[in-house]
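Per this note's numbering: the sequence shown ends with 1433, consecutive numbering throughout. Working notes, beginning with the structure itself.
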Amino acid sequence: MIIAKFGGTSVADAAAIGRLIGIVRSRIGDRPVVVVSALAKVTDALLGLGALVHAGDGAALGGAIRALVERHAAIARDLRGAEAAMPAITEDAATLHRELGAALGRMLRPAELDALAGRGELWSSRLIAAALEGAGLAATWVDVRSIMLTDDRFGRATPHLQTLTARARGCLKPLVETGRIPVTQGFIGATADGTPTTLGRGGSDFTAALLGAALEVERVEIWTDVNGLMTADPRIVPSARTLRAASYEEAAELATFGAKVLHPATAQPLVRAGIPIVVLNSTRPDEPGTIIEPSAELERMGDSPVRSISWKRGITVVNIRAPRMLGAYGFLRAMFEVFERHEVVVDVLASSEVSVSLTVEDRTRLDAVVRDLADLGDVRVEHHRAIIAVVGIGIRSTPGLAARLFRAVQPANVEVISQGASAINMTFVVQERDGPDVVRRLHQEFFGTC
Ligand code: ADP
Ligand code: ASP
Ligand code: MG
């Protein structure tokens, strides 16, 4: 059994879904479970409806929902059998229109936003299941919310592993064993009382991994719009090369620091069973892609100790300067308690004897954090920063790398420098506007052509 997960661009239009059908057909012998994202840009468009609701613009809301339904309908007309999905999609869109219409003039609550955002996956999966059936494949649409039990942290819900494992085995396995191809949704789940949730943006990869671990599959295939995990984001570095292999650890670090190609949590459920992830290009299915697994630790990319470079924009640096921290054992604990209390995740941390600098991405609760930190020392906040991460297993065994790195980065100003505990990455902070250029210069340094 395998998982075949298709991202937004891999299901964007009729041609893309046609390619998906070809790929699934080529995997029949592997007994695939198909996990899909919403059609490209549909999640953004759905979340955009929230602003129309808030503005009380009922006419624009109706038009935007009709446009979304029409996009699915146009694809359905081009794919044999896919129109069978349209009654369910149209009916659900009408329900959505009623729900949002009743909320006109106010902000949607987090639970309502999750119910809204998840519609994209529900609709795309219906379309794709019908198109697969139309192509003569035995597809069965499965509502993943009956499997993916989560807590109620809307927008970033945490799945309940034990329950989802039992349910995936009970629901998906028998289908596969009778020769069916389950087609289900990434990204979404539901609480114990059935309220819809989402796992966070880009979360379909995580769903694929969770279901893969539950079903103990041979591999999890992530079908996307690039040839695999690359030495840098090809949109920033056009000459970036595809990696043949990477370790779970490297993939997780790269994803955490901005490599959008995988959700940061993807490797996590698969580590224990050692199930490989293969990242593949749905427009070039014969390319070998990147295999992510433990044994990749043994492989080196040429003679470079660095495997890949990623960056993440929209970062805020919080500096806390506290002379009193000298010799004060409780300082770091008190500081972390502030972040924990407000549930703000810290990405990078660097400290000296009198100050601590750390980075956060989510600014929603930052004001409250800064207020509480002021009890501990002088707090300075700097916005519009970017984290650059240089990742590779070889980093821990290569002396002199930091000097090489900082020479290459000049003249950009480097602010917070940190090396992860795993010592497979070096991360630092620069001004956001310098980010792409710094990535290009590092790529030139470690991989040549830029
Ligand atoms: P999907 O819709 O298939 O989930 P995403 O848009 O989420 O795809 O992720 C794929 C994109 O990730 C690529 O188009 C590429 O621009 C970007 N990306 C960023 N860093 C990397 C990297 N190191 N390797 C490959 N792709 C990367
Ligand atoms: N459709 C969701 C998003 O755009 C989930 C995903 O594509 O992974 O974030
Ligand atoms: Mg993605």
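Positions of the beta carbon are idealized from the N, C-alpha and C atoms, including for glycine.
Please indicate yes or no: does the CB of residue 1435 lie closer than 8 angstroms to some heavy atom of the ligand ADP? Absent from the model: residue 1435. The displayed extent of the chain is 984 to 1433, so no value can be given.
With H, G and I counted as helix, E and B as strand and the rest as coil, what does DSSP make of residue 1243? Looking at residue 1243 - three-state DSSP - the assignment turns out to be coil, as it is neither helix nor strand.
Length of the line joining the Cα atoms of residue 988 and residue 1126: Between residue 988 and residue 1126, the C-alpha separation is close to 15 angstroms.
Just curious, the beta strand (DSSP E) that residue 1411 is in, first and last residue? Membership of residue 1411 in the beta strand (DSSP E) is indicated by the continuous run 1408–1414.
Paired residues, beta bridge with residue 1341 - DSSP: BP columns for residue 1341 point to 1301, 1332.
Tell me which same chain residues have a C-beta within less than 8 angstroms of the C-beta of residue 1146, skipping the five on either side of it? Cβ within range, chain order: 1132.
Examine the ligand MG and report whether any of its heavy atoms sits within less than 8 angstroms of the Cβ of residue 1188. Residue 1188: yes, Cβ under 8 angstroms from the ligand MG.
Less than 8 angstroms separating the Cβ of residue 1272 from some heavy atom of the ligand MG? Not under cutoff, so the answer is no.
Residue 1433 to residue 1232, Cα distance in whole Å? Interpretation of residue 1433 is limited by its pLDDT of 45, a score under 50 that renders its predicted location unreliable; the figure taken from the coordinates is listed afterwards. The alpha-carbon atoms of residue 1433 and residue 1232 are separated by roughly 26 angstroms.
Nearest residue (CA-CA) to residue 1327, options 1196, 1271, 1189, 1345: When only C-alpha atoms are compared, the closest one is 1345.
Compute the Euclidean distance between the alpha carbons of residue 1210 and residue 1200, then round it to the nearest angstrom. Cα to Cα, residue 1210 sits roughly 22 angstroms from residue 1200.
Taking buried to mean at least 16 other C-beta atoms within 10 Å of its own C-beta, is residue 1340 buried or exposed? Under this definition residue 1340 is a buried residue.
Reduced DSSP secondary structure (H/G/I, E/B, other) of residue 1314: The answer is helix: DSSP assigns residue 1314 an H, G or I state.
Candidates 1094, 1361, 1062: which alpha carbon is nearest residue 1183's? When the alpha-carbon of residue 1183 is set against those of 1094, 1361, 1062, the nearest one is in 1094.
Cβ-heavy atom distance, residue 1107 to the ligand MG, below 8 angstroms: Look at residue 1107: its beta carbon is at least 8 angstroms from all of the heavy atoms in the ligand MG.
Contact under 9 angstroms by Cβ, residue 1180 with residue 1169: Contact: no.
Can you tell me the Cα-Cα spacing of residue 1419 and residue 1349, whole angstroms? Residue 1419 and residue 1349 have their C-alpha atoms spaced approximately 26 angstroms apart.
Would you call the segment 1262–1276 and the segment 1351–1360 touching, i.e. three or more CB-CB distances under 8 angstroms? Touching, no, given that fewer than three Cβ pairs across the two stretches are closer than 8 angstroms.
Quick one: complete alpha helix (DSSP H) runs, 4+ long, within the segment 1192–1272? Uninterrupted alpha helix (DSSP H) stretches at least 4 residues long and entirely within the segment 1192–1272 occur at 1231–1239, given in chain order.
Helix, strand or coil at residue 1137 [DSSP, three-state]: Here residue 1137 sits in coil by DSSP.
So for residue 1170, helix, strand or coil by DSSP? The three-state secondary structure of residue 1170, taken from DSSP, is coil.
Segments of 4+ residues assigned as alpha helix (DSSP H) that fall wholly inside the segment 1086–1130: Listed in chain order, they are 1093–1100, 1102–1117.
Tell me the rounded alpha-carbon separation between residue 1394 and residue 1089. Rounded to the nearest angstrom, the two C-alpha atoms are 48 angstroms apart.
Under 6 angstroms from any heavy atom of the ligand ADP, by CB: list those residues in chain order, please. Those residues, listed in chain order, are 990, 991, 992, 993, 1020, 1185, 1207, 1208, 1209, 1212, 1213, 1215, 1216, 1217, 1218, 1237, 1242, 1243, 1244, 1291, 1293.
Please classify residue 1346: does DSSP put it in a helix, a strand, or coil? In the displayed model, residue 1346 falls within coil according to three-state DSSP, outside both helix and strand.
Status (buried if at least 16 other CB within 10 Å, exposed otherwise) for residue 1221: Residue 1221 is classed as exposed because its beta carbon has fewer than 16 other beta carbons within 10 Å across all chains shown.
Can you name, in chain order, every residue of its own chain whose Cβ lies under 6 angstroms from the Cβ of residue 1372, other than the five neighbours on each side? Contacts found: 1240, 1293, 1408, 1410.
Can the beta-carbon of residue 1194 be found less than 9 angstroms from the beta-carbon of residue 1018? Contact check for residue 1194 against residue 1018 passes: the beta carbons are separated by less than 9 angstroms.
State the Cα-Cα distance for the pair residue 1148 and residue 1072, rounded to the nearest angstrom. Near 28 angstroms, if we compare the C-alpha coordinates of residue 1072 and residue 1148.
With DSSP as the reference, please indicate the residues paired to residue 1074 in a beta bridge. Bridge partners of residue 1074: none, in fact.
Assigned exposure category for residue 1424 - 16 Cβ within 10 Å defines buried: Classification for residue 1424: buried.
To the nearest angstrom, report how far apart residue 1206 and residue 1002 are at their CA atoms. Going by the C-alpha atoms only, they are around 11 angstroms apart.
I need the straight-line Cα distance from residue 996 to residue 1060, nearest angstrom please. Answer to the nearest angstrom: the Cα atoms are 11 angstroms apart.
Closer than 8 angstroms: is that where the CB of residue 1169 sits relative to any heavy atom of the ligand ASP? True, at least one ligand heavy atom lies under 8 angstroms from that Cβ.
With hydrogens ignored, establish whether the beta-carbon of residue 1025 is closer than 8 angstroms to any heavy atom of the ligand ASP. Under cutoff, so the answer is yes.
Span of the beta strand (DSSP E) holding residue 1371? For residue 1371, the enclosing beta strand (DSSP E) starts and ends at 1361–1374.
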